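Undergrad:
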Amino acid sequence: MASHSHNTDEFAHTGEIPKAQTKIIWKTFFILVAITAVEFAFAFFMDPGTLRNAIFIGLTLFKAFYIVAEFMHLKHETKGLIWAILVPTVLLVWLLVALLVEGTFYGESVFNYFK
Amino acid sequence: MSQTTTFEQPNTGTWDGGNEPFKVSYGKLMMWFFLLSDAFTFAAFLTTYGLARHRHQAYEGAHDAFTFSTQWWPIPDKVFNAFPGFHGVDWPLAFVALMTMILILSSVTMVLAVEAGHRMDKNDVQKWLLWTILFGSMFLGCQAWEWTHFISGTEEGMKLADGSVIHGANLIVNQYGPPLFADLFFFITGFHGTHVFSGVVLLILIFFNTVNGVYHRRGHYEMVEKVGLYWHFVDLVWVFVFTFFYLV
Numbered sequence: 002m003a004s005h006s007h008n009t010d011e012f013a014h015t016g017e018i019p020k021a022q023t024k025i026i027w028k029t030f031f032i033l034v035a036i037t038a039v040e041f042a043f044a045f046f047m048d049p050g051t052l053r054n055a056i057f058i059g060l061t062l063f064k065a066f067y068i069v070a071e072f073m074h075l076k077h078e079t080k081g082l083i084w085a086i087l088v089p090t091v092l093l094v095w096l097l098v099a100l101l102v103e104g105t106f107y108g109e110s111v112f113n114y115f116k
Numbered sequence: 081m082s083q084t085t086t087f088e089q090p091n092t093g094t095w096d097g098g099n100e101p102f103k104v105s106y107g108k109l110m111m112w113f114f115l116l117s118d119a120f121t122f123a124a125f126l127t128t129y130g131l132a133r134h135r136h137q138a139y140e141g142a143h144d145a146f147t148f149s150t151q152w153w154p155i156p157d158k159v160f161n162a163f164p165g166f167h168g169v170d171w172p173l174a175f176v177a178l179m180t181m182i183l184i185l186s187s188v189t190m191v192l193a194v195e196a197g198h199r200m201d202k203n204d205v206q207k208w209l210l211w212t213i214l215f216g217s218m219f220l221g222c223q224a225w226e227w228t229h230f231i232s233g234t235e236e237g238m239k240l241a242d243g244s245v246i247h248g249a250n251l252i253v254n255q256y257g258p259p260l261f262a263d264l265f266f267f268i269t270g271f272h273g274t275h276v277f278s279g280v281v282l283l284i285l286i287f288f289n290t291v292n293g294v295y296h297r298r299g300h301y302e303m304v305e306k307v308g309l310y311w312h313f314v315d316l317v318w319v320f321v322f323t324f325f326y327l328v
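Sequences listed follow chains A and B, in order. In case it helps, the numbering used here puts the first sequence at residues 2 to 116. In case it helps, the numbering used here puts the second sequence at residues 81 to 328.
1) Beta carbon of residue 330/B, beta carbon of residue 213/B: below 8 angstroms?
2) Does the distance from the C-beta atom of residue 60/A to that of residue 40/A stay below 8 angstroms?
3) Starting from the C-beta of residue 151/B, find all residues in its chain whose C-beta is less than 7 angstroms away, skip the five residues before and the five after it, and write them out in chain order.
4) If you measure beta-carbon to beta-carbon, which residues of the segment 91-105 of chain A are closer than 7 angstroms to chain B?
5) For residue 252/B, name the three-state secondary structure that DSSP assigns.
6) Between the segment 253-271 of chain B and the segment 119-139 of chain B, are three or more C-beta pairs nearer than 8 angstroms?
7) Below 9 angstroms on C-beta distance, what does residue 70/A contact in chain B?
8) Find the residues of chain A that neighbour residue 288/B, judging by a C-beta separation of less than 8 angstroms, and give them in chain order.
9) Between the Cα of residue 65/A and the Cα atoms of 32/A, 115/A, 17/A, which residue gives the shortest distance?
10) Can you tell which of 37/A, 70/A, 45/A, 111/A has its C-alpha closest to the C-alpha of residue 58/A?
11) Classify residue 68/A as buried or exposed, calling it buried when 16 or more other Cβ atoms lie within 10 Å of its own Cβ.
12) Distance, Cα to Cα, residue 134/B vs residue 105/A?
13) Please state the DSSP three-state secondary structure of residue 162/B.
14) Can you list the residues of chain A that residue 320/B reaches, using a CB-CB cut of under 8 angstroms?
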C-alpha cells in the first residue's frame with residue numbers, strides 16, 4: 002500500500018492503470034491467520050487459567066494492531082489523527098478494566114451482604 | 081450532464097476551513113470518530129459480559145466431565161462444537177474458526193478494493209467489492225446457522241431437578257447454563273451481525289456506484305475507503321468478540 006496518498010490526478014486522464022501493490026496486504030493477512038491458529042493451539046493444548054487468558058488477550062491486541070495499523074491504514078496517517086484515535090481508546094480500555102474490577106468487588110459485597 | 085460540473089468553490093483560508101491538520105477529508109475523519117463511538121458501545125457489551133461472568137461460578141471439574149448446568153458458566157468449546165452436516169460430532173470451535181477465516185478474508189478483499197481505487201482501476205474495484213460482498217454474506221449465513229443451532233439446541237438438552245428437560249435457548253431459559261449466557265450471546269453476536277449486515281448493504285450500494293462510474297467521474301474512490309474503514313472495524317470487533325466469547 003505504498004501509493005495511498007492522493008496522487009490519483011497523475012493518471013486519471015491518461016487511462017493507464019499502474020500495477021497493484023498487494024505484497025503488504027497479503028503479508029498482513031498471513032500474520033492474522035497465523036495468530037488465529039496460535040490462539041486455537043492454546044485453546045486446545047493449554048489448561049484454562051489466568052495465564053492462558055492473558056495470552057489470548059495479548060494475541061488479540063496484536064491482531065487488533067495489525068488490522069487498525071495496516072488494513073485501516075492508521076499507521077500511515079498523521080501523528081495528530083493517530084493520537085486522536087489512540088488516546089480515547091486507551092482511556093476506554095482503562096474504563097473497561099476499572100468497571101470490571103470495581104464492579105466485581107461491588108457485586109460480591111452486595112451479594113454477601115444479603116446472603 | 082457535463083463532465084466538469086463546478087461545485088461551490090471551497091474556502092481556502094486557514095480560518096474558514098481551508099486547513100486540514102489531519103490530512104484526511106471531513107468524511108473520513110468523521111468515519112473514524114463514528115467508529116470510536118461504536119467502540120464505546122461494544123466496550124459496554126464486553127464489560128457487561130465480564131461482570132455477568134464474574135458473578136457466576138466457574139466450572140471447576142475435569143474438562144471431559146463437563147455437563148450443562150445453571151450452577152456454573154459454560155465452557156465455550158462445549159457449547160459451540162457443532163458443524164453443519166456433521167450432526168452429533170464434537171468439533172469444538174471448528175465452525176467459529178471458519179467464520180473467523182471468512183471475515184479476515186473479507187477484510188483482505190476490502191483492502192484490495194481500496195488499493196485498486198487508489199489506482200483508479202474500476203474493474204479491480206468491482207471485482208474485489210464483489211468478493212467482499214460474497215464473504216460478508218457467507219459470514220451472515222454462518223451466523224444464521226449458528227443462531228439456529230443455538231436456539232434449537234442438542235438432543236440431550238439439560239435435565240432439571242424436577243426431571244424435565246430443556247432443549248436449546250431463548251432469552252429466559254437455556255440448556256447451556258445461566259440464562260444470562262444466552263442473553264449475552266444473542267445481544268453481542270446479534271449486534272455484531274447487525275453491523276455486518278449494514279456493512280454488506282453499504283458494500284452493495286458502493287458496488288452499484290462503482291459499476292455506474294460515479295466514483296470514476298468524481299475522480300477518486302474515497303467512498304470505497306470510508307466503507308472499507310467501517311468494514312475493517314466490523315472485523316476488529318469480531319476479533320474481540322471471538323476472544324472474549326469463544327476462547328476465554
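Ideal placement from N, C-alpha and C gives every residue a C-beta, glycine not left out. Just so you know, these numbers come straight off a predicted model, no measurement behind them.
TA: So, from the data block:
1) Nothing about residue 330/B can be read from this structure; chain B reaches only from 81 to 328.
2) yes
3) 137
4) 93, 97, 100, 101, 104, 105
5) coil
6) yes
7) Chain B residues near residue 70/A: none, gap ~11 angstroms exceeds 9 angstroms.
8) Ordered by position in chain A, no residue passes the 8 angstroms Cβ test against residue 288/B, which lies about 21 angstroms from the chain.
9) 32/A
10) 37/A
11) buried
12) 6 angstroms
13) coil
14) 61, 65
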